[in-house]
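See below for the structure under consideration.
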Amino acid sequence: MFYLLPTKRGLGVEFWGSYDDLRTIYEVLYSFWEVDFYEPNRESLISSICYEIRHAYQGDRLNRESSHFGHDPVAHYGFQISWVQLLFLIAYINHKKSSSSRNKLLDGIMLQIEYWTEKSLESFDIKTGKMLIPFVGNTLFGGNPYIYYYMRLVNADYFALGGGKNGFNQLPKLLASGVKGTELFKSIKRSLLKSAKEFQCDPLEIELDEDESIYLIEW
Numbered sequence: 000m001f002y003l004l005p006t007k008r009g010l011g012v013e014f015w016g017s018y019d020d021l022r023t024i025y026e027v028l029y030s031f032w033e034v035d036f037y038e039p040n041r042e043s044l045i046s047s048i049c050y051e052i053r054h055a056y057q058g059d060r061l062n063r064e065s066s067h068f069g070h071d072p073v074a075h076y077g078f079q080i081s082w083v084q085l086l087f088l089i090a091y092i093n094h095k096k097s098s099s100s101r102n103k104l105l106d107g108i109m110l111q112i113e114y115w116t117e118k119s120l121e122s123f124d125i126k127t128g129k130m131l132i133p134f135v136g137n138t139l140f141g142g143n144p145y146i147y148y149y150m151r152l153v154n155a156d157y158f159a160l161g162g163g164k165n166g167f168n169q170l171p172k173l174l175a176s177g178v179k180g181t182e183l184f185k186s187i188k189r190s191l192l193k194s195a196k197e198f199q200c201d202p203l204e205i206e207l208d209e210d211e212s213i214y215l216i217e218w
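Residue 0 is where the sequence shown starts when you use numbering that gives the first Met the number 0, and the numbers rise one by one after that.
As structure tokens, this is what we get:
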């Protein structure tokens with residue numbers, strides 16, 4: 000059984016499982032990524048986690064000789080993913096599932112991911128964690144055509160806070176940017192469309208101007 004645990008400084012979670020656990024999740028998500036392919040921008044949410052999962056079970060990320068919950072010598076592999084990326088990913092997959100053929104194995108995997116995400120949020124900070132529960136699969140607008148841009152923007156703002164409880168407490172406010180109808184959501188869209196008009200390009204081609212050094216911190 001795979002599981003998620005909050006990282007030490009609360010930037011996200013460690014996603015753990017046996018080789019077979021992660022290999023199965025990878026194959027299911029990768030197959031879903033190929034079905035009813037929308038466009039590279041949104042599908043990057045799925046392909047990026049597939050990349051991390053594959054490198055994890057190949058032993059290129061986190062490694063343990065056993066699970067956190069037992070001592071049986073079964074190798075476990077893991078990787079880190081930020082709260083922001085995880086929550087936007089769940090929202091997008093749930094949106095895409097609503098217009099795709101039923102896949103019970105994918106449904107089961109996503110329910111487990113949502114369960115462990117909620118458990119990890121409350122484990123890191125019970126008060127703010129409870130405030131974030133509605134964002135697990137429900138509140139963020141998974142049908143946003145610019146969802147990958149929104150995710151990267153919110154993620155950069157979150158990492159710029161430096162992690163810890165203080166940063167985590169700001170997460171509900173930051174995530175409001177991904178909720179359809181909020182002023183933050185509309186403001187980002189206006190800015191994105193304005194930039195696209197100025198550069199005479201598709202909004203999906205706009206690159207986020209971010210400082211890569213903000214990601215070089217302890218998770």
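Ideal Cβ placement from N, Cα and C applies to all residues, glycine included.
Beta-carbon separation (whole angstroms), residue i vs residue j, contact threshold 8 Å
{"i": "I48", "j": "L88", "result": "6 Å"}
{"i": "Y2", "j": "A74", "result": "At roughly 15 Å, the Cβ-Cβ gap does not stay under 8 Å, so Y2 and A74 are not in contact."}
{"i": "Y147", "j": "N40", "result": "5 Å"}
{"i": "F31", "j": "N102", "result": "7 Å"}
{"i": "A155", "j": "E209", "result": "5 Å"}
{"i": "G9", "j": "K164", "result": "7 Å"}
{"i": "S97", "j": "P5", "result": "Going by Cβ atoms, the distance from S97 to P5 rounds to 29 Å, so no, they are not a contact pair."}
8 Å Cβ shell around residue i - same chain, five flanking residues per side excluded
{"i": "F78", "result": "E13, F14, E51, I52, H54, A55, R60 and L61"}
{"i": "F68", "result": "Y2"}
{"i": "L192", "result": "P202"}
{"i": "I24", "result": "F1, G16, I52 and I108"}
{"i": "A195", "result": "D201, P202, E204 and I205"}
{"i": "K188", "result": "Y145"}
{"i": "L207", "result": "Y148, R151, L152 and A155"}
{"i": "I213", "result": "A155, F158 and A159"}
Residues that DSSP places opposite residue i in a beta bridge
{"i": "F78", "result": "F14"}
{"i": "L170", "result": "Bridge partners of L170: none, in fact."}
{"i": "R53", "result": "Answer is none; R53 lacks a bridge partner."}
{"i": "P5", "result": "V12"}
{"i": "R63", "result": "H75"}
Proximity to residue i [Cα-Cα], best of the options
{"i": "L28", "options": "L4, M0, S81 and G107", "result": "G107"}
{"i": "V153", "options": "G163, T138, A175 and N168", "result": "A175"}
{"i": "T138", "options": "L86, E182 and E217", "result": "L86"}
{"i": "T116", "options": "L105, F134, S46 and S100", "result": "F134"}
{"i": "N169", "options": "Y145, E182, G128 and L215", "result": "The question names Asn, yet the displayed sequence has Gln at residue 169. Comparing Cα positions, the closest option is G128."}
{"i": "K7", "options": "L105, S99, E211 and S122", "result": "S122"}
{"i": "Q57", "options": "L173, E197, L44 and R22", "result": "R22"}
{"i": "E211", "options": "H70, A159, S100 and M130", "result": "A159"}
{"i": "L215", "options": "S99, G161, D20 and G166", "result": "G161"}
{"i": "L173", "options": "S190, L207, Q199 and M130", "result": "M130"}
{"i": "G166", "options": "Y145, I187 and D124", "result": "D124"}
{"i": "K126", "options": "P171, I45 and S100", "result": "P171"}
{"i": "N143", "options": "Y114, K95, F198 and V34", "result": "K95"}
{"i": "Y91", "options": "H70, Y145 and S100", "result": "Y145"}
{"i": "V34", "options": "H70, D20 and S100", "result": "S100"}
{"i": "L105", "options": "L207, S190, E26 and H70", "result": "E26"}
Contacts around residue i, its chain only, beta-carbon distance under 7 Å, and the 5 residues preceding and following it disregarded
{"i": "I112", "result": "I89"}
{"i": "I80", "result": "G11, V12, F14, I48 and E51"}
{"i": "E64", "result": "P72 and A74"}
{"i": "V83", "result": "M150, V153, N154 and Y157"}
{"i": "S186", "result": "none"}
{"i": "S46", "result": "W32"}
Same chain, Cβ closer than 6 Å to residue i, neighbours up to 5 away in sequence not counted
{"i": "N93", "result": "G136 and G141"}
{"i": "S66", "result": "H75"}
{"i": "S43", "result": "Y147"}
{"i": "D20", "result": "F1"}
Residue i beta carbon near the ligand SAM (any heavy atom closer than 7 Å)
{"i": "I24", "result": "This structure simply doesn't include the ligand SAM, nor any ligand for that matter."}
- request: Scan the segment 100-151 and note each continuous alpha helix (DSSP H) run of 4 residues or more that stays entirely inside, going in chain order.
  value: 103-123 and 125-131
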